[in-house]
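Report on the structure given below.
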Amino acid sequence: MLTLPHRPTRIAISAALAVAIAGLIAAVLWAIFSAATDASGSSRVDIPHLLRMTAIQAGLTTILSLTVGMALAWALNRLRFPGRDLVVGLFAAAIVTPGMVVAFGLLSIWGRNGWINQASETLFGFSIGNPAFGLSGILLAHVILDGAFAARILLARLDAIPQSKLKVGQSLALSATQRFRLIDWPAMRTSLPGLGAIIFLLAFTSFPIVLLLGGGPANQTLEVAIYSAVRLDFDLVGAVRLALTQIGVCALVILLASSTTPVVSVQGRSLPPTWRDGFGARVLQGLILALATVGFALPLVSVLIDGLGFGLLRVFAQATFWWALGTSLIIGSASAGLTLVLALALTLGRAASGSRAARTLLGTPSFAYLAVPAVVLSLGFFLIVRNLGVAPAQAAPVVVIIANSLLALPFAVATLGPPLDAVARSRGKLIRSLGLSGWQQFRLVEYPLLGKDIGLMLALAFCFSLGDLGVIALFGTQDFQTLPLMMFRALGAYRNNDAAAIAAILLVGTIVAFVALPRLFERLDHASR
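Residue numbers (this note's numbering): 2 to 530.
Listed below in structure tokens is the structure:
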């Protein structure tokens with residue numbers, strides 16, 4: 002029931018933005034459908050093979066990530082040790098860690114000239130091959146990121162188990178196995194379908210990881226094939242057909258997932274453990290935690306070790322690096338700012354609406370990226386710009402900013418929406434009794450409660466843009482490139498030292514932004530009170 006004062010201006014602005022976003026997505030889809038209708042000639046793309054390979058790797062990624070996530074969440078929920086909050090934060094950062102940085106770290110460890118092969122040749126006189134390439138490398142990179150993401154989500158479900166239920170379990174002297182079967186599994190089970198759908202979509206639309214670790218056409222996916230068709234072969238017929246296939250599969254997954262329990266938003270610290278299992282279970286939990294921490298952290302550590310060396314000075318001496326760095330910072334800041342404006346307008350209007358149907362209509366366009374992922378979105382923009390007779394290089398900055406904002410918008414709405422809905426439920430009557438205007442309501446009530454959430458949202462949007470390769474891949478030129486595109490080109494030219502230095506800079510920048518922005522806004526919020 003709506004308790005906030007009627008805010009027609011908020012609802013009107015939110016509705017206008019929702020219509021604008023829906024119209025933009027419709028224009029992108031129309032450009033793709035029109036190109037498919039007008040397309041003539043043949044294409045060499047093998048859609049059945051690409052669809053099969055994409056579905057296989059996404060399905061395997063989902064199964065493995067959920068398995069790893071459940072095991073890791075179980076271990077974190079039980080163990081007490083110094084630095085636990087730091088470890089939990091490390092896994093929470095998986096959502097913003099650039100995929101191409103993780104892929105590069107895996108090459109440093111498991112590649113042909115990686116740490117493992119060098120150690121094997123030194124100690125045993127033979128090489129173990131190149132497991133970082135192909136399906137094994139793709140799965141490993143995805144599970145590192147998506148498994149950590151799943152663990153943080155599922156840990157929140159375990160933290161939410163009522164203390165009364167735990168006390169009953171302790172009074173019954175439940176073993177670790179019995180507690181998992183009777184308490185933990187029911188708590189996590191409701192989130193698995195929705196979480197699995199998200200992981201499947203993330204893996205199905207993965208671009209930089211497959212591009213770097215695919216190892217050839219045999220493991221190519223739809224997203225990479227679209228890029229290759231446009232950028233390398235200029236096969237627009239094949240690219241459009243691939244895009245339509247990907248949109249259809251993503252839409253189907255979203256429809257199937259719409260009936261599942263929504264995934265909880267994860268913010269703040271994890272609650273301290275209150276349950277201690279037996280010695281054998283604690284040993285297993287420690288082993289799981291150690292393997293997961295090493296598996297997630299080692300590729301990132303290798304990136305820092307390989308990148309923060311002499312290659313860094315060489316990169317700093319290049320004028321193109323500073324142009325790319327400046328472009329990345331400007332694009333990231335502009336995308337984050339635009340995302341904040343869009344997310345605030347949409348969530349404020351949604352919270353002010355008392356109709357469930359209106360709330361659904363206002364919120365739905367913000368999740369368009371789930372059905373129209375990065376490379377498909379870029380292809381649609383590319384076709385629109387081409388049809389308008391505008392050179393892609395001229396439209397590139399605006400397109401990249403808008404596209405990156407749309408990519409971050411679902412996460413921004415998921416971050417700001419719940420606290421604004423909570424304000425409507427808990428403080429609506431107070432706002433009515435004080436007779437606050439819309440601006441006073443935002444300045445005095447809503448913004449003070451959103452300080453840290455706004456910082457988290459800006460950090461997410463900035464980091465997504467900073468590490469994105471899918472959007473810039475089709476619009477980048479020699480005069481307009483970001484750090485991910487510069488790193489990708491360095492790898493293509495076999496300048497591995499340059500690529501390592503750029504990867505290290507991307508990783509450090511992502512970590513600093515993800516940690517510093519929420520804390521900065523939290524301090525600003527406290528200072529203003």
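We treat Cβ as the ideally placed atom computed from N, Cα and C, and that holds for glycine.
Checklist entry - Tell me which same chain residues have a C-beta within less than 6 angstroms of the C-beta of residue 66, skipping the five on either side of it? => result On the sequence shown, position 65 is the one that residue 66 refers to. Excluding residues within five positions, the ones whose Cβ falls inside 6 angstroms are 144, 147, 148, 151 and 200.
Checklist entry - Just how far apart, CA to CA, sit residue 435 and residue 455? => result By 1-based counting over the sequence shown, the position of residue 435 is 434. By 1-based counting over the sequence shown, the position of residue 455 is 454. Answer to the nearest angstrom: the Cα atoms are 25 angstroms apart.
Checklist entry - Is any heavy atom in the ligand MN found nearer than 7 angstroms to the beta carbon of residue 229? => result Absence of the ligand MN from the depicted structure is noted, as is the absence of any ligand whatsoever, leaving it without description.
Checklist entry - Taking C-alpha atoms, which residue in 115, 106 and 164 lies nearest to residue 300? => result The residue given as residue 300 occupies position 299 in the sequence shown. Considering only alpha carbons, the answer is 106.
Next on the checklist: To the nearest angstrom, how far is the alpha carbon of residue 9 from that of residue 442?
Outcome noted: Numbered from 1 along the sequence shown, position 8 holds the residue referred to as residue 9. Numbered from 1 along the sequence shown, position 441 holds the residue referred to as residue 442. For residue 9 and residue 442, the distance between alpha carbons rounds to 14 angstroms.
Checklist entry - How about residue 375 and residue 408: are their beta carbons less than 8 angstroms apart? => result The residue you call residue 375 lines up with position 374 of the sequence shown. The residue you call residue 408 lines up with position 407 of the sequence shown. Going by C-beta atoms, residue 375 is nearer than 8 angstroms to residue 408.
Checklist entry - Can you name, in chain order, every residue of its own chain whose Cβ lies under 6 angstroms from the Cβ of residue 313, other than the five neighbours on each side? => result Translated into positions along the sequence shown, residue 313 becomes position 312. Hits under 6 angstroms: 502.
Checklist entry - Unbroken alpha helix (DSSP H) runs of length 4 or more, entirely within the region 198–233: which are they? => result Look at the region 198–233 and you find these whole runs of alpha helix (DSSP H), each 4 residues long or longer: 209–214 and 223–228.
Next on the checklist: So, with DSSP's three-state summary, where would you put residue 55?
Outcome noted: Translated into the one-based positions of the sequence shown, residue 55 becomes position 54. The three-state reading of DSSP puts residue 55 in helix, counting H, G and I together.
Checklist entry - Is it the case that the Cβ atoms of residue 484 and residue 325 are separated by a distance below 8 angstroms? => result One-based indexing of the sequence shown puts residue 484 at position 483. One-based indexing of the sequence shown puts residue 325 at position 324. In terms of Cβ geometry, residue 484 and residue 325 form a close pair [threshold 8 angstroms].
Checklist entry - Would DSSP call residue 522 helix, strand or coil? => result For the purposes of this step, residue 522 is taken as the residue at position 521 of the sequence shown. In the structure shown, residue 522 adopts helical secondary structure according to DSSP, grouped into three states.
Item to check | Where the alpha helix (DSSP H) through residue 492 begins and ends | outcome: For the purposes of this step, residue 492 is taken as residue 491 along the sequence shown, with counting starting at 1. From DSSP, the alpha helix (DSSP H) with residue 492 extends over 484–493.
Checklist entry - Is it right to say residue 169 is buried, meaning 16 or more other beta carbons lie within 10 angstroms of its own, or is it exposed? => result Indexing the sequence shown from 1 puts residue 169 at position 168. It is exposed - the Cβ of residue 169 has fewer than 16 other Cβ atoms within 10 Å.
Checklist entry - Mind checking whether residue 155 and residue 276 have CB atoms under 8 angstroms apart? => result Taking the first residue of the sequence shown as 1, we reach residue 155 at position 154. Taking the first residue of the sequence shown as 1, we reach residue 276 at position 275. It is not a contact, given that the beta carbons lie outside the stated cut-off.
Next on the checklist: Could you tell me which whole alpha helix (DSSP H) segments of length 4 or greater appear in the region 110–152?
Outcome noted: Whole alpha helix (DSSP H) segments, 4+ residues: 116–125.
Checklist entry - Is the Cβ-Cβ distance between residue 554 and residue 367 less than 8 angstroms? => result One cannot answer for residue 554 here, as it falls past the ends of the chain, which runs 2 to 530.
Next on the checklist: Using the three-state DSSP reduction, which class does residue 389 fall into: helix, strand or coil?
Outcome noted: Numbered from 1 along the sequence shown, position 388 holds the residue referred to as residue 389. In the three-state reduction of the DSSP assignment, residue 389 falls in the coil class, being assigned neither a helical nor a strand state.
Next on the checklist: Check this for me: beta carbons of residue 406 and residue 467, under 8 angstroms apart or not?
Outcome noted: Along the sequence shown, one-based indexing puts residue 406 at 405. Along the sequence shown, one-based indexing puts residue 467 at 466. It is not a contact, given that the beta carbons lie outside the stated cut-off.
Next on the checklist: I need the boundaries of the alpha helix (DSSP H) containing residue 309, first residue and last residue.
Outcome noted: In the sequence shown, counting from the first residue as 1, residue 309 sits at position 308. Taken as a continuous stretch (DSSP letters only), residue 309 belongs to no alpha helix (DSSP H), as it is neither H nor E.
Item to check | Cβ-based burial, residue 205 [other Cβ within 10 Å; buried from 16] | outcome: The residue given as residue 205 occupies position 204 in the sequence shown. Buried, by the Cβ-count rule.
Checklist entry - Three or more beta-carbon pairs under 8 angstroms between the region 330–345 and the region 379–390, yes or no? => result Counting Cβ pairs under 8 angstroms, fewer than three are found: no touch.
Checklist entry - So is residue 495 buried or exposed if we call it buried at 16+ other beta carbons inside 10 Å? => result Against the sequence shown, residue 495 aligns to sequence position 494. The residue in question, residue 495, is exposed, as its Cβ has fewer than 16 Cβ neighbours within 10 Å.
Checklist entry - From which residue to which residue does the alpha helix (DSSP H) around residue 461 run? => result Taking the first residue of the sequence shown as position 1, residue 461 is located at position 460. From DSSP, the alpha helix (DSSP H) with residue 461 extends over 448–467.
Checklist entry - Around the C-beta of residue 2, are 16 or more other C-beta atoms found within 10 angstroms, so that it is buried, or is it exposed? => result Here residue 2 corresponds to residue number 1 of the sequence shown, with the count starting at 1. Here the model assigns residue 2 a pLDDT of 47, short of 50, so the residue's position is not dependable, and the following value carries that caveat. Burial call: exposed.
Checklist entry - For residue 191, does the three-state DSSP call read helix, strand or coil? => result Counting from 1 along the sequence shown, the entry for residue 191 is found at position 190. Residue state for residue 191 is assigned as coil, using DSSP reduced to three classes.
Next on the checklist: With the cut-off set at 8 angstroms, would you say residue 33 and residue 245 are in Cβ contact?
Outcome noted: Counting from 1 along the sequence shown, the entry for residue 33 is found at position 32. Counting from 1 along the sequence shown, the entry for residue 245 is found at position 244. Taking C-beta atoms as the reference points, residue 33 and residue 245 count as a pair closer than 8 angstroms.
Checklist entry - In whole angstroms, what separates the C-alpha of residue 58 from that of residue 51? => result Here residue 58 corresponds to residue number 57 of the sequence shown, with the count starting at 1. Here residue 51 corresponds to residue number 50 of the sequence shown, with the count starting at 1. One C-alpha to the other measures close to 11 angstroms.
Item to check | Selection from 70, 191 and 26 that minimises the alpha carbon distance to residue 294 | outcome: Against the sequence shown, residue 294 aligns to sequence position 293. From the listed residues 70, 191 and 26, the smallest Cα separation to residue 294 is found for 70.
Checklist entry - So, do the region 127–137 and the region 107–119 have three or more beta carbon pairs nearer to each other than 8 angstroms? => result They touch, by the three-pair rule.
Next on the checklist: Can you tell me whether residue 18 is buried or exposed? The criterion is at least 16 other CB atoms within 10 Å of its CB, across all chains shown.
Outcome noted: Walking along the sequence shown from the start, residue 18 turns up at place 17. Buried.
Next on the checklist: Checking 8 angstroms against the spacing of the C-beta atoms, do residue 235 and residue 75 come in under that value?
Outcome noted: Position 234 of the sequence shown holds residue 235. Position 74 of the sequence shown holds residue 75. No, they are not a contact pair.
Item to check | Cβ separation of residue 335 and residue 385, assumed to be a contact under 8 angstroms, to the nearest whole Å | outcome: As a first step, residue 335 must be located in the sequence shown, where it is residue number 334. As a first step, residue 385 must be located in the sequence shown, where it is residue number 384. Not confirmed; about 20 angstroms, so no contact.
Next on the checklist: Please identify the residue among 452, 389, 280 and 393 whose C-alpha is closest to the C-alpha of residue 341.
Outcome noted: Position 340 of the sequence shown, counting from 1, holds the residue named residue 341. Considering only alpha carbons, the answer is 452.
Checklist entry - When burial is assigned at 16 or more other CB atoms within 10 Å of the CB, is residue 476 buried or exposed? => result For the purposes of this step, residue 476 is taken as the residue at position 475 of the sequence shown. So residue 476 counts as buried.
Next on the checklist: At the level of alpha carbons, what is the spacing between residue 446 and residue 469?
Outcome noted: Stepping through the sequence shown from its first residue, residue 446 is reached at position 445. Stepping through the sequence shown from its first residue, residue 469 is reached at position 468. A direct Cα-to-Cα measurement between residue 446 and residue 469 gives close to 35 angstroms.
Checklist entry - Taking C-alpha atoms, which residue in 84, 517 and 36 lies nearest to residue 290? => result Locating residue 290 in the sequence shown gives position 289, counting from the first residue. Closest option to residue 290, judged by alpha-carbon separation, among 84, 517 and 36: 84.
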